[in-house]
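Student:
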Amino acid sequence: GAGVSQSPSNKVTEKGKDVELRCDPISGHTALYWYRQSLGQGLEFLIYFQGNSAPDKSGLPSDRFSAERTGGSVSTLTIQRTQQEDSAVYLCASSTTGGEGYEQYFGPGTRLTVT
Amino acid sequence: AQSVTQLGSHVSVSEGALVLLRCNYSSSVPPYLFWYVQYPNQGLQLLLKYTSAATLVKGINGFEAEFKKSETSFHLTKPSAHMSDAAEYFCAVKQAGTALIFGKGTTLSVSS
Numbered sequence: 015g016a017g018v019s020q021s022p023s024n025k026v027t028e029k030g031k032d033v034e035l036r037c038d039p040i041s042g043h044t045a046l047y048w049y050r051q052s053l054g055q056g057l058e059f060l061i062y063f064q065g066n067s068a069p070d071k072s073g074l075p076s077d078r079f080s081a082e083r084t085g086g087s088v089s090t091l092t093i094q095r096t097q098q099e100d101s102a103v104y105l106c107a108s109s110t111t112g113g114e115g116y117e118q119y120f121g122p123g124t125r126l127t128v129t
Numbered sequence: 032a033q034s035v036t037q038l039g040s041h042v043s044v045s046e047g048a049l050v051l052l053r054c055n056y057s058s059s060v061p062p063y064l065f066w067y068v069q070y071p072n073q074g075l076q077l078l079l080k081y082t083s084a085a086t087l088v089k090g091i092n093g094f095e096a097e098f099k100k101s102e103t104s105f106h107l108t109k110p111s112a113h114m115s116d117a118a119e120y121f122c123a124v125k126q127a128g129t130a131l132i133f134g135k136g137t138t139l140s141v142s143s
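Chains as they are written, first to last, in our numbering: chain B, 15 to 129; chain S, 32 to 143.
Here is the structure:
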């Protein structure tokens, strides 16, 4: 079946602009996660959705970052007033449930470059 | 809080040699542990996971890992490296009700 998809695959934006990153999880997966991967910081957790609710958003680095999930499916990560330090690969993952033993399936990522 | 430490940011082996990638975890409760692989410009792919059913876990592509509670380790091994194994490998621990906590990653290079 179809895996996790993300769009766009690459995004170049100017400092100060807003960007939206999209994630389509595997159908039927109730848990959805956003991570950020950068050279200096490795893989960092951003936010976790169970259904349309976000019980853990502790990884969002600032109030410029927000995310929503609608219909228990598609999620959008929005970064407002982008800064150069936001440049990274943003990875989305989904899982059957949020339980500990369930593996997460990752999308290919969106590479964000802020100039 | 749970955490993961991967010893060695880069490991180089010859084709056919043993691969050993080290991972130690810190957890106050029985952990759920994972190894993921990332090929260049791709997302992460699950290699194997430990969920307390068996201490020796076999994964894809000939990889396996052994959970050792006394050593708080979950090292990844493969008896014979292939050129196609060159990639970045991440060890991770799953926190209850939330996300994976990843180690910093180990880049594996395989030479002919």
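Note that beta-carbon positions come from the ideal geometry of N, C-alpha and C, so glycine has one too.
For the beta strand (DSSP E) that LYS135/S lies in, which residues bound it at each end?
Tutor: First-last for LYS135/S: undefined, no H or E at that position.
Student: For my contact list, ALA123/S and LEU131/S are in at a C-beta cut-off of 8 angstroms; report their separation, rounded to the angstrom.
Tutor: The pair is a contact, with the Cβ atoms about 4 angstroms apart (cut-off 8 angstroms).
Student: What does TYR62/B reach in chain S if we use C-beta pairs closer than 7 angstroms?
Tutor: Those within 7 angstroms of TYR62/B in chain S are THR129 and ALA130.
Student: Would ARG83/B be called buried (16 or more neighbouring beta carbons within 10 Å of its own) or exposed?
Tutor: With 16 or more other Cβ atoms within 10 Å, it is buried.
Student: Since THR36/S is in the beta strand (DSSP E), which residue starts that stretch and which ends it?
Tutor: 34 to 38 is the extent of the beta strand (DSSP E) around THR36/S.
Student: At the level of alpha carbons, what is the spacing between PRO71/S and SER101/S?
Tutor: So the alpha carbons of these two residues sit roughly 35 angstroms apart.
Student: For GLY65/B, name the three-state secondary structure that DSSP assigns.
Tutor: Correct three-state label for GLY65/B: coil.
Student: Using Cβ-Cβ distances below 7 angstroms, what residues of the segment 61 to 94 of chain S are close to chain B?
Tutor: Hits within the stretch, in order: TYR63, PHE65, GLN73, GLY74, LEU75, LEU77, LYS80 and THR82.
Student: Cα-Cα, which of CYS106/B, SER67/B and ASP100/B is closest to ARG78/B?
Tutor: Nearest C-alpha to ARG78/B: ASP100/B.
Student: For ASN92/S and VAL35/S, what's the separation of their Cα atoms in angstroms?
Tutor: Looking at the two C-alpha atoms, the distance is approximately 23 angstroms.
Student: Residues of chain S with CB closer than 7 angstroms to the CB of GLY12/B, please, in chain order.
Tutor: Chain B is shown only over 15 to 129; residue 12/B falls outside these bounds and no answer can be derived.
Student: Less than 7 angstroms between the C-beta atoms of PHE98/S and THR86/S, yes or no?
Tutor: Yes, these two residues count as a Cβ contact at 7 angstroms.
Student: Give me, in chain order, the residues of the same chain whose beta-carbon lies closer than 7 angstroms to that of GLY86/B; leave out the 5 immediate sequence neighbours on both sides.
Tutor: Around GLY86/B: THR44, GLY65 and ASN66.
Student: By a C-beta neighbour count over all protein chains shown, 10 Å radius and 16 as the cutoff for buried, is SER109/B buried or exposed?
Tutor: Its Cβ being crowded by 16 or more others within 10 Å, SER109/B is buried.
Student: Below 7 angstroms between beta carbons: does that hold for SER104/S and ASN55/S?
Tutor: Yes, they are a contact pair.
Student: Taking 7 angstroms as the cut-off, decide whether the C-beta atoms of ARG125/B and THR90/B are in contact.
Tutor: No.
Student: Looking at the structure shown, is GLY56/B part of a helix, part of a strand, or coil, going by DSSP?
Tutor: Note: GLY56/B maps to strand in three-state DSSP.
Student: Output needed for GLN37/S: all residues of its chain with C-beta closer than 6 angstroms, excluding positions within five of it in sequence on either side, in chain order.
Tutor: So the qualifying residues of the chain are CYS54, CYS122, GLY134, LYS135 and THR137.
Student: Just verifying my parser: in three-state terms, what is the DSSP assignment at GLN51/B?
Tutor: Correct three-state label for GLN51/B: strand.
Student: Is it buried or exposed for PRO39/B, if we count other Cβ within 10 angstroms and need 16 for buried?
Tutor: It counts as buried.
Student: Quick one: Cα of GLN98/B to Cα of GLY47/S, how far?
Tutor: Near 42 angstroms, if we compare the C-alpha coordinates of GLY47/S and GLN98/B.
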